[in-house]
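Participant: Numbering follows numbering that gives the first Met the number 0, in which position 246 of the sequence shown is assigned residue number 245; successive positions increment by one, without gaps. Just so you know, even glycine gets a beta-carbon here, dropped at the ideal spot from N, CA and C. First the structure, then my questions, so here it is.
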Amino acid sequence: MKLKLITFFLIALTITMAQNKEISLKESIEIGIANSKELKLAKTKVELSKAKYEESGTYLLPTVRASAAYIRLSEVPPFEVTVPFSPTPIKIQEPVLNNYNLGLSVTQPIFTGFKLSSLKSAAEKTFEAEEISFNQEINNLALRINEAYWNLYKAEKYVLLLKENKKRIEEHLNNTEEFFNNELVTKNDLLKMKSQLANINYQLIEGKKNLETARMFFNKTIGISLEKQLTPTEEIEQIDYELKEISEYIKQADKQRNELKSAEKITEAGKNMISAANSDWFPTISIFGNYYYNRPNQRIMPTQDKFNDTWDVGVNLSWELWNWGKTSFKAEQAEQQYKLSQLSLEILKENIQMEVYRNYLSVNAESEKLKSALQLLESTEENYRITKEKYNMQAATSTELLDAEVEFLEAQIKDANAKADYIIALKKLLVSSGEKIY
């Protein structure tokens, strides 16, 4: 009895594992975002730029350094002075052979020709640009998942429609065999039905292969095992989206596209780098203070073999008066880099406008295809229904029935593809105009 129960559960588990798991578009995007290596790479870039920005701020703050040293000196005679009328020299100072030096120093930059503040601003803009780019990477991934999801949907629909068509053909074949046995149709009619069934089986083999390919690509896009059996749950009943004027999408893209925002931040960082490069024309000024706790302390005379503390404070000025034009060359490089980023920004704007316009035309075209596909579906479905009734009453030939069947199948496939293609085109338009789709 126990063995039977174990066998039953194993069979049930096998059946469950073999079944396809349904997945929604929202779940797909969430899984894809969680698993994406590209997003993890982009996030690492954000953290890297953040660390550089935080580091740049530390150079404006005081630097505190501690030091400690021990020095053992070689043996030397004591310091003695010979005076008249004294048979022996007078010992002034015993040598101190063990030196202990402890110190603490503080340095604060006061003026660096705006170099440190400019570098901090540039690092801040770069950090902000990376954050914006990261958000755009998420949106781009969501678009890729949308495309993979709806392509899987199309492949699933194709196989499903072929299976439904196969059932209808098998039903027609059974009827035709009865008609043939009753000498109501010719053998040629029967062979046509069998040929059509064989053709559907051939299409099913190709369709299933394409379905597995689409599923594999979808799994890859959301970062899961390639052999995982997932089935889309989304159904496209009705599409209600009011398309705006093309100028509205272009204006929206100019304001909201993350690529433009990121490029603008990089351009601003380039401007700050010009200021940093020109800082070498100015002197650098800093204040400093030192605290010494030494044994012996060289400032204490005569030398004492004990710890004494002393301190000093001061102002330091450094000015590079001649460097063979190095500062000019650095400033020229920064200015050219700034111009390069400005031109890149202008080119990016033009490319984005073209992308929006192209996607807008695609949505319009897919919308017209969708309308045509719906009209074709309605007419072929009605034609198939009428032809089927006529065939059952022997008022239509098998050729007419098969033609109506094929036209109806093609219309169903076109309708399913048109709906999915319209959604993909619409998502591309929304992303290209700067809208978030996740």
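#1: Roughly how many angstroms lie between the CA atoms of Ala441 and Phe126, to the nearest whole one?
#2: Near Ile10, which residues of its chain fall below 8 Å by C-beta distance, leaving aside the five closest residues on each side in sequence?
#3: In terms of alpha-carbon separation, which member of Thr266, Ser317, Lys250 lies closest to Pro108?
#4: Report all residues from its chain with a CB closer than 6 Å to the CB of Ala276; omit the five preceding and five following residues, and keep chain order.
#5: To the nearest angstrom, how far is the alpha carbon of Arg167 from that of Glu354?
#6: Counting along the chain, where does the beta strand (DSSP E) carrying Gln107 start and finish?
#7: According to DSSP, is Phe287 part of a helix, a strand, or is it coil?
#8: Any idea what DSSP makes of Asn307, helix, strand or coil?
#9: How would you call Val75, buried or exposed, if buried means at least 16 neighbouring beta carbons within 10 angstroms?
#10: Per DSSP, what are the beta-bridge partners of Ala68 in this structure?
#11: State the start and end residues of the unbroken beta strand (DSSP E) segment that holds Phe84.
#12: Can you tell me whether Asn150 is buried or exposed, with buried defined as 16 or more other CB within 10 angstroms of its CB?
#13: Nearest to Gly324 by CA position, among Asp279, Thr57, Gln92, is which residue?
#14: Where Phe216 and Leu360 are concerned, what is the direct C-alpha to C-alpha distance, given to the nearest angstrom?
#15: Report the partner residues of Val314 according to the DSSP bridge assignment.
#16: From Leu458 to Ser55, what distance separates their C-alpha atoms?
#17: Can you find the residues in the same chain that come closer than 8 Å, C-beta to C-beta, to Tyr421, ignoring five residues on each side of it along the sequence?
#18: Quick check: what's the CA-CA separation for Ser283 versus Asn307?
#19: Just verifying my parser: in three-state terms, what is the DSSP assignment at Ala419?
#20: As a quick exercise: from Thr396, Glu182, Val405, pick the residue whose alpha carbon is nearest that of Glu380.
#21: Taking all protein chains shown into account, do 16 or more other C-beta atoms lie within 10 angstroms of the C-beta of Ile131, making it buried, or fewer, making it exposed?
#22: Do you know how far the Cα of Lys260 is from the Cα of Lys250?
#23: Note down, in chain order, each residue of its chain lying with its Cβ closer than 6 Å to the Cβ of Ala403, except the 5 sequence neighbours on either side.
#24: Run the CB neighbour count on Ile91, radius 10 Å, all protein chains shown included, and call it buried at 16 or more, exposed below.
#25: So, is Ala394 buried or exposed, given that buried needs 16 or more other C-beta atoms within 10 angstroms?
#26: Whole-angstrom Cβ separation of Lys389 and Gln228, contact assumed at under 8 Å?
#27: Please state if the CB of Leu210 and the CB of Lys165 are separated by a distance shorter than 9 Å.
#28: What are the start and end residues of the beta strand (DSSP E) that includes Glu367?
#29: With burial defined as no fewer than 16 other Cβ atoms inside 10 Å of the residue's Cβ, what is the status of Met272: buried or exposed?
#30: Let me check one thing: in DSSP terms, what residues is Ser294 bridge-paired to?
#31: Less than 9 Å separating the beta-carbons of Ser104 and Ser66?
#32: Just to confirm my understanding: we take Leu38, look at its own chain, exclude 5 residues before and 5 after, and list those with CB closer than 7 Å. What are they?
#33: How many angstroms separate the CA atom of Ala17 from the CA atom of Leu159?
#34: Among the residues of its own chain, which have a CB less than 7 Å from the CB of Asn134, if the five just before and after it don't count?
#35: Which whole runs of the beta strand (DSSP E) in the segment 152 to 180 are 3 residues long or more, in chain order?
#36: Could you give the residue range of the alpha helix (DSSP H) that holds Glu26?
Facilitator: Inspection of the coordinates gives the following:
#1: A query on residue 441 cannot be resolved here, the shown segment of the chain reaching from 0 to 437 and no further.
#2: With a pLDDT of 41 at Ile10, under the threshold of 50, the modelled position of that residue is not reliable, and the figure given next carries that caveat. Closer than 8 Å at Cβ, skipping near neighbours: no residue.
#3: Ser317
#4: Lys329, Ala330, Ala333
#5: Those two C-alpha atoms are separated by around 44 Å.
#6: In the DSSP annotation of this structure, the continuous segment of the beta strand (DSSP E) that includes Gln107 starts and ends at 97 to 110.
#7: strand
#8: strand
#9: exposed
#10: Note: Ala68 sits in a beta bridge opposite Asn100.
#11: No beta strand (DSSP E) contains Phe84, which DSSP labels as neither H nor E.
#12: Looking at its Cβ environment, which holds 16 or more other Cβ atoms inside 10 Å, Asn150 is buried.
#13: Closest in C-alpha terms to Gly324, from the list Asp279, Thr57, Gln92, comes Asp279.
#14: 27 Å
#15: Paired residues: Ile286.
#16: The structure shown does not extend to residue 458, since the chain is modelled only from 0 through 437, so no value can be given for it.
#17: Ile238, Val362, Glu365, Ser366, Lys368, Leu369
#18: Note on residue identity: the sequence assigns Thr, not Ser, to residue 283. Spanning the alpha carbons of Thr283 and Asn307 requires a straight line of approximately 33 Å.
#19: helix
#20: Val405
#21: buried
#22: 14 Å
#23: Correct list, in chain order: Asn382, Tyr383, Thr386.
#24: Label assigned to Ile91: exposed.
#25: exposed
#26: Going by Cβ atoms, the distance from Lys389 to Gln228 rounds to 42 Å, so no, they are not a contact pair.
#27: Taking 9 Å as the Cβ cut-off, Lys165 and Leu210 do not qualify as a contacting pair.
#28: Counting along the chain, Glu367 falls outside any beta strand (DSSP E), though it belongs to the alpha helix (DSSP H) covering 325 to 391.
#29: The residue in question, Met272, is buried, as its Cβ has 16 or more Cβ neighbours within 10 Å.
#30: Looking at the sequence shown, residue 294 is not Ser but Arg. For Arg294, which the question treats as bridged, DSSP gives the partners Tyr99.
#31: yes
#32: Ile32, Glu136, Ile137, Leu140
#33: Reliability of the predicted coordinates at Ala17 is poor, the pLDDT of 45 falling under 50, and the value obtained from them is presented with this limitation in mind. Ala17 and Leu159 have their C-alpha atoms roughly 18 Å apart.
#34: Asn257
#35: none
#36: 24 to 34
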